[in-house]
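Enquirer: Please read through the structure below; I'll follow up with questions.
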Amino acid sequence: SYSSRELRLLAVLFLINLNVQYLEYIWVYLRDGSDPEHNYQIDLGMTDTQYAILSGTAFTVTAHLSMIVFGLIADRVNRKQLLIFCGIAWNLACLLNYFVTAFWQMLTLRILFSVLCSVNTPACISLINDYYSNEKRAKASSVYVMGTSIGICLANLTSLLNNALGWRTSILLSSLAGVAISMLCFSLEEPRLKEGVTYSKMVNPGEEEEREQVPTRWVDKSK
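Quick note on our numbering: the sequence shown kicks off at 200 and runs consecutively.
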């Protein structure tokens with residue numbers, strides 16, 4: 200069974216991942232309309248090449264490069280605080296698209312969003328690794344990853360929001376919801392660092408089990 204602390208962490212990380220995937224894919228559905236109010240490509244006078252850069256290249260390249268950097272950072276800093284700061288920041292970067300009037304402005308915000316949200320995977324997977332035992336870790340990871348597919352599915356519904364309110368208001372409301380999700384990270388606890396915890400190393404069959412003393416983050420589950 201899962202403790203309340205473990206369930207809370209899993210719910211928050213699931214929503215964080217959902218938020219990232221949703222905001223990544225809504226751009227596909229905010230250009231379905233035939234007028235500037237419901238199609239940002241028409242509104243900003245984008246060419247198809249500019250749209251391709253905005254929706255694909257700008258995000259993919261910067262996000263994957265930034266993920267390596269944030270992987271290194273997540274090993275060294277408080278991941279709860281990192282998720283709070285970056286989560287609020289990437290949603291605000293998306294929200295500012297409400298005010299853009301030119302392609303280069305939206306491209307700049309898109310790149311900023313992709314850099315900030317790349318903290319999602321390394322920080323969340325690291326927290327899952329520290330919070331859950333071997334028996335629970337795979338199940339917890341699968342729930343977290345499920346946020347990807349559900350976020351993409353929910354992005355499909357943005358067409359309805361766009362048709363009703365326009366692309367700018369859709370971005371505004373979606374980003375504000377994301378800020379609220381990021382604030383949920385305040386309810387999490389960062390595992391403390393405890394020196395000298397004994398772990399079993401994996402060894403080949405027949406070999407004597409080895410043990411080593413390594414510093415690790417851990418969660419006090421006695422509470």
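For every residue, glycine included, the Cβ atom is placed at its ideal position computed from N, Cα and C.
Please report the straight-line C-alpha distance between S203 and L375, rounded to a whole angstrom.
Expert: The alpha-carbon atoms of S203 and L375 are separated by roughly 27 Å.
Enquirer: Output yes or no for whether 8 Å exceeds the beta carbon distance between L209 and G346.
Expert: no
Enquirer: Can you have a look at D242 and say buried or exposed, based on whether 16 or more other CB atoms are within 10 angstroms of its CB?
Expert: By the 10 Å Cβ count, D242 comes out buried.
Enquirer: Could you check which residue in A354, V344, C316 and D247 has the C-alpha nearest to that of S265?
Expert: C316
Enquirer: Using the beta-carbon count (16 or more within 10 Å), is H237 buried or exposed?
Expert: buried
Enquirer: Identify the continuous alpha helix (DSSP H) that holds H263 and give its terminal residues.
Expert: Here the alpha helix (DSSP H) through H263 covers A257 to A273.
Enquirer: The alpha helix (DSSP H) with E223 in it runs from where to where?
Expert: S203 to Y228
Enquirer: Does the contact criterion of 3 or more C-beta pairs under 8 Å hold for the region 246–265 versus the region 299–309?
Expert: Contact holds: three or more Cβ-Cβ distances are below 8 Å.
Enquirer: Would you report the Cα separation of S358 and F312, rounded to the nearest angstrom?
Expert: 21 Å
Enquirer: State whether the region 272–282 contacts the region 317–328, with contact taken as three or more CB pairs (one from each stretch) at a distance under 8 Å.
Expert: Yes: the two stretches touch, three or more of their Cβ pairs being nearer than 8 Å.
Enquirer: According to DSSP, is M345 part of a helix, a strand, or is it coil?
Expert: DSSP places M345 in helix when its eight states are reduced to three.
Enquirer: Can you grab the Cα-Cα spacing for the pair M257 / S200, in whole Å?
Expert: Note on identity: in this sequence residue 257 is Ala, with Met being the wrong assignment. The straight-line gap from Cα to Cα measures roughly 42 Å.
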